Every structure is written in C-alpha cells, then in structure tokens.
Amino acid sequence: MTAFRETYESLNLEPQPIRAHLLACTTVVFGDDYYAGHRETINLSGLVQINTWPMPGFETRVDDSGRSEFEQELISAPEVGIKGFSYELDDRIQLLSNPYLSSIGLVRQIAPGKNFPAQMHIGRFGILETSTLRLTHRNTIDTYAVIDNIPPYTKPLTRPYHGAPRGDGPFDIAHAPNVLRGTTLPEAWYPADDDNEPIGITPTMFFAPSAAPFMSMLVDPSMIMQTSMEGTIDVEVNGKTEHIDLAGDHLKAAGAEILLFGPDKHDDGTGVVAQMARLAMTGHSDALGGRVMLRASWARPSGGALGEGSEGSLSQVRFPSDLHIDAEFELVTQASTLYAANPVRFGGKLKDFEPAGSELAMNGTDTPIISADGAVKARLTGARFTMGDASVGE
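The opening residue of the sequence shown carries number 8 in my numbering; numbering runs sequentially from there.
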C-alpha cells in the first residue's frame, strides 16, 4: 500500500522540521460582549515551524480502516511569530504557540492507499500578545484543510477562497485546497497569567465566524521584505479631493510586507513574482469621518513582479529595478470597511533589496471605492508611498 513514508522518501526529505512563511487572517470581536463588540478583520503573517514525520514521535501509522496517518505539531516562536496590525487597537498583535499546550494535528489519507488529497487537522492553542495585553483561550481551536502535497504550500497569488467575497461576514465561504480554516468558532480570549492560564470568566476579545474564520496558508518565498511606509492617498468624496497622509511602522507589524518568489518558487517561467501579502497604513480623513487605515485584501491577493521578467533567479535582478504591484486595496473607516472596485496598479524603482528610500506611486486610472454591497462611496485618484526602515531576509 502506498504510504506517506514513501512520499517522503521519494522526495529525499531529511528528518528535520519544516519551516515556512504563513499568511493568516482572522476576524476579532473586541470586548466582553460577543454580540455588541467592535468587529475587525486582521491580516497576519510570520514564520512557523512544523514538526512532522520523519522526526521521532511523528512516525506514520495505519488505522483500522487502512488509512495511513501521522501526527504533526505547529510552532510559532516569539522572535518570528505571526503578526498583524489592528486598526481598533492601533497596535501590533502577535499570535504565538502556547508552550504548555502543544498545537498537535494529524495528516490522514482520505482514501486507503492513496496519499492525496489528504485531510489535515490541527488543534491550535495560542497566546495573543499586544504591547499591553497577553491573552489565551480555554478550548482548542480546531482547524481543517484538504491538502494536495506535503508541505502544503500554496502557489504565489493563490486565493484562499473559491471566489472573492467583499465584507467581513459572517456568511458561508468555500475555502480553497491547502488552506486551513477554523471550525470551532467563536472562541473567547481571556487575560493570561505567567503560566498562560486564563484568568476569570470575562473575556477581552473573541475570534469569530466570518469571511475569514481564522484561516491560514503556507507559502515558500525566496525573500521577505517587511518595510515601514509613509505617503499620501488622494480620495475624492462628493466631488472634493482630500489628501490623506498615511504611515505604518514595520516594527508594529504595519507598513508593508512584500514577498518575492524566484523562478524556482513559481511555475510561470522566468522572472520574479511579487506579492504584497500585508499592508497597514493609518491616517486621518475629515471626509471619511476620522481615522482611516489602508490595508491589503486577504480574499484578493495583490500580485506583481520585480525586474525585467527574464531573470532566471532572484540573484540575477539588477538594481535599481522596476517593482509593480496590482494592489487590492481596502480602506477601513470608523463606520465601515470600503473596497477598491478594481486592482490599483502602482509601482516604482526599487533601489535594492534594502528598500529604504524607494518610492512607489499609483500609475493607473482612478478607482471607485465601494461598500460591501457595491455602493460607490468615494474614488481613489492617487497614491504615493516611500519605503522606510525594513527587515529583509530569505
């Protein structure tokens, strides 16, 4: 019978943990009242480690029905944890593994003797930190995916859903293969003590069912650029244009995260594929009612390219080099979240892999900004950004 062990051996995988970059999204309800709290969808990303076969303790076994299966453990460490920026908190949030409660899961054949597609389950026990909060939850958050390979990497610019809904829901979604989805929500998060035990019975926030119910997927980029950003967007509201100053600090998980995929990481031939995996820049708009945040869509990936398109590897990119991205922008306001009706094309010259000082500007046509139901609320007529301090690594 074909077994997962043979799959690993055919790939010549060494007995070592898998390290990957994780893109995640969750909807959070703030406060102790799940029904009346403020709801926010937050994009997150960070490095994770998966301990799995053939590491000791995670060997393949066969159940009574003849299906091969093995266990795995997901770890998110403090120094590289899964991070995002919260509009409501005006602060970074970071999801970590609970060192006292392992996030253990299972990969299992769906059909006996056939490795893929397979079921993947992980029960998540986490810690959520901000600059002022440390929270944990009482019950496991079960997550589920149907996977086509090990590791279950998704291709660059893969959509997490079949389709691209607007709005935070909750409503039914159809998540794509190799995308983990939380299946036991809502889950309350409580203040934690030094042993990561929840304190009391009054929660501080909830993970909630939504269009992004604690979803995540693994990608394998050649390089990760997390950079501070500042700049201006021009928004036309009721016939008048307002210039909105925006900024985001990458040390607070704001600014931008851009992933670069060399030809060995995608199947589109030569050239370097770019993806703006995360964006969070905040400012103030009189026309839109106060504080606003520009973010990148989770449902619609923001893709582009770096270089001339003929490079056979990331190392062949010559600088300064053209970077362009078709950005799927969303604009969070105090009243609601608005969505660019079309991808916004912007780009510029990237000075180097250390991007400080590089400028990006919108170079496409004006784009309507619409509500979740499609009503036009404003128009985006311009955007200019400067990249600042950055953390860059392979």
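Using N, Cα and C, we set each Cβ at its ideal position, and we do this for glycine too.
In this text the structure is predicted, and so the values were computed from the model without any measurement.
(request) Please work out which residues of its chain come closer than 8 angstroms, Cβ to Cβ, to residue 164, disregarding the five sequence neighbours upstream and downstream, and give them in chain order. (result) Taken in chain order, the residues that qualify are 280, 282, 308 and 310.
(message) Using 8 angstroms as the threshold, is the C-beta distance between residue 226 and residue 161 below it?
(response) Yes, the Cβ-Cβ distance between residue 226 and residue 161 is below 8 angstroms.
(request) Please state if the CB of residue 383 and the CB of residue 339 are separated by a distance shorter than 8 angstroms. (result) Cβ atoms of residue 339 and residue 383: not closer than 8 angstroms.
(message) As a quick exercise: from 352, 235, 386 and 262, pick the residue whose alpha carbon is nearest that of residue 248.
(response) Taking each of 352, 235, 386 and 262 in turn and checking the Cα distance to residue 248, the smallest one comes out for 386.
(request) With a 10 Å radius around its C-beta and 16 neighbouring C-beta atoms as the bar for buried, classify residue 342 as buried or exposed. (result) So residue 342 ends up on the exposed side.
(request) Go ahead and pull the three-state DSSP assignment for residue 258. (result) The answer is helix: DSSP assigns residue 258 an H, G or I state.
(request) Please say whether residue 89 and residue 57 have beta carbons closer to each other than 8 angstroms? (result) No, the Cβ-Cβ distance between residue 57 and residue 89 is not below 8 angstroms.
(message) Assuming contact is defined by CB atoms lying nearer than 8 angstroms, are residue 168 and residue 181 in contact in what I supplied?
(response) At the C-beta level, residue 168 and residue 181 come within 8 angstroms of one another.
(request) Mind the definition here: the region 357 to 365 touches the region 315 to 333 only if three or more C-beta pairs lie below 8 angstroms; say whether that holds. (result) Pairwise C-beta distances place the region 357 to 365 in contact with the region 315 to 333, as three or more of them are shorter than 8 angstroms.
(request) Give the secondary structure of residue 356 by DSSP, where H, G and I count as helix, E and B as strand, and everything else as coil. (result) DSSP, read as helix, strand or coil, puts residue 356 in strand.
(message) Check for me: the beta strand (DSSP E) holding residue 321 runs from which residue to which?
(response) Bounds of any beta strand (DSSP E) do not take in residue 321, whose DSSP letter is neither H nor E.
(request) Kindly indicate which three-state DSSP category residue 384 falls into: helix, strand or coil? (result) DSSP places residue 384 in strand when its eight states are reduced to three.
(request) Could you tell me the distance, in whole angstroms, from the CA atom of residue 166 to the CA atom of residue 188? (result) Approximately 14 angstroms, taken between the alpha carbons.
(request) Could you pull the start and end residues of the beta strand (DSSP E) that residue 370 belongs to? (result) No beta strand (DSSP E) holds residue 370; DSSP gives it neither H nor E.
(message) Quick check on the DSSP output: the beta strand (DSSP E) that includes residue 148 runs from which residue to which?
(response) Counting along the chain, the unbroken beta strand (DSSP E) around residue 148 starts and ends at 148 to 154.
(message) Just verifying my parser: in three-state terms, what is the DSSP assignment at residue 227?
(response) Looking at residue 227 - three-state DSSP - the assignment turns out to be coil, as it is neither helix nor strand.
(request) Count the other C-beta atoms from every protein chain shown that fall within 10 angstroms of the C-beta of residue 257, then say buried if there are 16 or more, exposed otherwise. (result) Buried: at least 16 other Cβ atoms inside 10 Å.
(request) Reducing DSSP to helix, strand and coil, say where residue 270 ends up. (result) Three-state result, residue 270: helix.
(message) Taking 7 angstroms as the limit between beta carbons, can you name the residues of its chain near residue 69, skipping five residues before and five after?
(response) Excluding residues within five positions, the ones whose Cβ falls inside 7 angstroms are 75.
(message) I'd like the list of long-range same chain contacts for residue 110, defined as Cβ closer than 8 angstroms, with 5 residues on each side in sequence excluded.
(response) Excluding positions up to five away in sequence, the list reads 80, 81, 82, 104, 129, 130, 131, 132 and 133.
(request) Write down the C-beta distance between residue 233 and residue 264 rounded to the nearest angstrom, noting that I regard them as a contact closer than 8 angstroms. (result) Right, their Cβ atoms sit about 5 angstroms apart.
(message) Between residue 229 and residue 269, how many whole angstroms is the CB-CB distance? I'm expecting something under 8 angstroms.
(response) Between residue 269 and residue 229 the Cβ distance is about 4 angstroms, and since that is below 8 angstroms, they are a contact.
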